[in-house]
Each structure stands twice: as C-alpha cells, then as structure tokens.
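Using the working numbering, the letters of the sequence shown map in sequence onto residues 2 to 169. Glycine included, every Cβ here is placed at the ideal spot set by N, Cα and C.
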Amino acid sequence: IRQLVVQDYMYPLTIKPAKLSDGLKQRIYDVGARTLQVCIHEHYEDCPGREQALYGQDSRNQMLFGYGVYEETEVQRESLRLLSMANYHNPDGLLASTAPGLVLGILPNINTDIPNFSLFWALAVSEYYQRTKDAELVKDVSKTLDDVMGAYARQIREKGKMPLILKI
2 IRQLVVQDYM YPLTIKPAKL SDGLKQRIYD VGARTLQVCI HEHYEDCPGR EQALYGQDSR
62 NQMLFGYGVY EETEVQRESL RLLSMANYHN PDGLLASTAP GLVLGILPNI NTDIPNFSLF
122 WALAVSEYYQ RTKDAELVKD VSKTLDDVMG AYARQIREKG KMPLILKI
C-alpha cells in the first residue's frame, strides 16, 4: 500500500452559530456539535458492526441534542418516518427496534426483549412536532402511532388497568 486516504462524508447540516464568552464553553459547544455530526452515521443508522440499521431508542437522544445545534430537522423527520414506514410491526402491534434490519433479514426481532422502543419512537414523534410544528409527518405516521398506542392500551386493559393515551 503506497497511500491510504480517509475522507469524511458529512451530511450537509448548518450548525447554529454560538458565540460564547467563555472559551471553554465555546470549545465544549464546538466539540459537541462536531460529535453530533459524526454520530449521525452511528446513532441514526447504528454502527457498521450492528447491521447498519436505524436504532430507534438511541436516535431519540441524538435528535434531542440536534434540535439545539442544527438549523435543519430533515434527519430527525426521515429517521422517524423510516421507523414507521418500515412497517414491520410485530403481531402485538409494536414496532421492531431497528429499521430496516428485519426486512433485510439481518436481525431477529428483538423488540420483545425491549418493548419500550415503540414508546420511545412515539415520544420522539411528539418531541419532533413540538419543535417543528410539522403536522404532515404526524399525519404520515398516524396509523403507526395508533397501532403502537393501541398495542399498549390492549396490554394495559388485559392487566385490568386504564388505557394509555398519547396526546400530540
């Protein structure tokens, strides 16, 4: 090997400018913004060693920080849509924990081991709407939201408790 070159490919995002008076706080902001940008390929898509799939629960944390750092919200919107559009609900009505891993035959369905993934996705949709007022996304994923919340309501009713309702 005579030469090895590694090139970054960064999703084109506009970082919100922050001019902090404290140099250490400015450096923390700058490093944090860069970390979020680099992590898009890890937490929005998960890591190459783990099926390169969108991992719903970790993505929510990345989305929350991204709202404060980036001007755009396309990555959040499309991640939420992908988890909904993949549409590989379990027979119980919950979402699979990753997209599109199951469809590609890469992953077993691990949602039953960690059933709160669907609730984190529903919460992330709500948080997205609160920040963007993008009713179109909520409309696009409303059937999936209904399926997920209905699945939890059924489980709660079967145990003799009041149904869970998510208001967006």
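If you look at Ala-154, you'll find it in the alpha helix (DSSP H) that goes 143–159.
Counting of Cβ neighbours within 10 angstroms places Arg-158 among the exposed residues, the total staying below 16. Setting aside the 5 residues that flank it on each side, Ala-34 is surrounded in the same chain by Ile-16 and Val-70, each with a C-beta closer than 6 Å to its C-beta; the list follows chain order.
The Cβ atoms of Ser-119 and Leu-138 do not sit closer than 8 Å to each other. At least 8 Å separates the beta-carbon of Met-64 from that of Gln-38. A direct Cα-Cα distance of roughly 17 Å separates Tyr-68 from Phe-121.
Closest in C-alpha terms to Lys-140, from the list Arg-155, Ser-85 and Gln-4, comes Ser-85. Annotation for Gln-27: Ala-19, Lys-20 and Leu-21 place their beta carbon closer than 8 Å to its own, counting only its chain and skipping 5 residues before and after.
Apart from sequence neighbours up to five positions away, the residues of its chain that approach Glu-72 with a beta-carbon distance below 7 Å are Thr-15 and Lys-17, ordered along the chain. Taking the C-beta atoms as reference points, Gln-77 is found nearer than 8 Å to Tyr-129. Taking all protein chains shown into account, Val-32 has fewer than 16 neighbouring C-beta atoms within 10 Å of its C-beta and is therefore exposed. The C-alpha of Thr-74 lies about 14 Å from the C-alpha of Leu-83. Here Leu-25 is exposed. Its C-beta has fewer than 16 other C-beta atoms within 10 Å.
For the pair Val-149 and Ala-125, the CB atoms are not nearer than the 8 Å cut-off.
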